[in-house]
Structures are given as structure tokens and as C-alpha cells.
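Student:
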Amino acid sequence: MYYLGMLIAIENPSTPDITRLLNEHLQEMYATSPAESVHALDISALLHPTITFWSARESERGELLGVGALKQYENGTAELKSMRTASRARGQGVAATILSHILEVAKARGIAEVNLETGTETYFAAARRLYERHGFVIREPFADYKEDPHSVYYGLTLES
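The sequence shown maps to residues 1 to 160 in my numbering.
1) Taking the straight line between their C-alpha atoms, what separation do you get for Gly-119 and Glu-60?
2) Given a threshold of 16 other Cβ atoms within 10 Å of its Cβ, counted over all protein chains shown, does Lys-71 qualify as buried or as exposed?
3) When we look at the beta-carbon of Gly-91 and count the other beta-carbons within 10 Å, is it buried (16 or more) or exposed?
4) Can you grab the Cα-Cα spacing for the pair Asp-144 / Tyr-3, in whole Å?
5) Determine the DSSP secondary structure at Thr-122, reduced to helix, strand or coil.
6) Who are Lys-81's beta bridge partners in DSSP?
7) Quick one: which unbroken alpha helix (DSSP H) runs of 4-plus residues sit fully inside the stretch 20-75? Chain order, please.
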């Protein structure tokens, strides 16, 4: 799907440039949060059949701009995972575009609710603002998550 000069498509997370971006993501998560509070997935976990993984690429040159994933649960809910914008593409609406696309797909799949976990540290403030702008509201821990002072949980009910 094309958006504002970006191509958003399902892609394998083991693609070399995506692997580099995801490794950077994991390194920053471990540098920012205690290890027990890092819930970012590695590449092998992102290959699980319940997860759909998207990349956003510059439409003319194919340069990787960002990624995002959706993990579907059997109960009709889903979890947003691995949202990451490449450093050189920050502030250009990449994350908002990927998020909007993922929410459209979730709605089309009949998913009733999309949840997510993100950090409470200042580093994650921009992410929290992005999710709140898209209608996510703070909620209790979901799935296998537990109360954690380094995590905040959000949910968004999708209207069918």
C-alpha cells in the first residue's frame, strides 16, 4: 500500500536492513529499560505465524524507513509489536503511517481490540503521544504481562 511516498508491505524481518534496524531497536530497549522490562521481540519471535510484520520503505529508492508488527490472539484481540522508525526518518510521520496501516488491517481482519506495551521512561514519551493521538487509552496489563513500573499498557477498541 502506498502512502505519502512510502510503500508499506508485509516483509520478512530477517531481511538484512530490517535485521539491522531491529538489532538497533533491541540494543536501545536494553539500554533504556531493565532487562526484565524489555518486551521487544527478536527476529525469530517475529517469524511466528501469529505475527504479521510490515516494513515502510521510501517508494522510489526502497530505503527502509520503519517497521511494525501485529500479533493476533485467539480471543479476537491483537498486540502491536516492534514499532520502530529509522533514525534518519524520524519526525516525518513514518510511525503514524505504519500505525494507521496496521490498525486498518486489524479492523479488516475483524480484530476487536489492539493492545500494546511501551516504556514509562522519558525515552518513550514520543511513542506514548503517538498512541494517544491514535485513540489508545491506558489499560491494565493484558495477555501475559504483569504490573511493572517500567511499562505502561494501552488498548484501542476497533469499531467494526
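Just so it is clear, CB atoms sit at the ideal spot from N, CA and C, and this is done for glycine as well. Bear in mind the structure is a predicted one, so any value in this text is a computation, not a measurement.
Tutor: Working from what's here:
1) Here residue 119 is taken as the residue at index 119 of the sequence shown, counted from 1. Here residue 60 is taken as the residue at index 60 of the sequence shown, counted from 1. Straight-line Cα distance between these residues: approximately 34 Å.
2) On the sequence shown, residue 71 is found 71 positions in, with the first residue counted as 1. Under this definition Lys-71 is a buried residue.
3) Taking the first residue of the sequence shown as 1, we reach residue 91 at position 91. With fewer than 16 other Cβ atoms within 10 Å, it is exposed.
4) Walking along the sequence shown from the start, residue 144 turns up at place 144. Walking along the sequence shown from the start, residue 3 turns up at place 3. So the alpha carbons of these two residues sit roughly 34 Å apart.
5) On the sequence shown, position 122 is the one that residue 122 refers to. In this structure, Thr-122 counts as helix in the three-state DSSP scheme.
6) Counting from 1 along the sequence shown, the entry for residue 81 is found at position 81. DSSP, once it has assigned bridges, lists Ala-69 as partnering Lys-81.
7) 43-46
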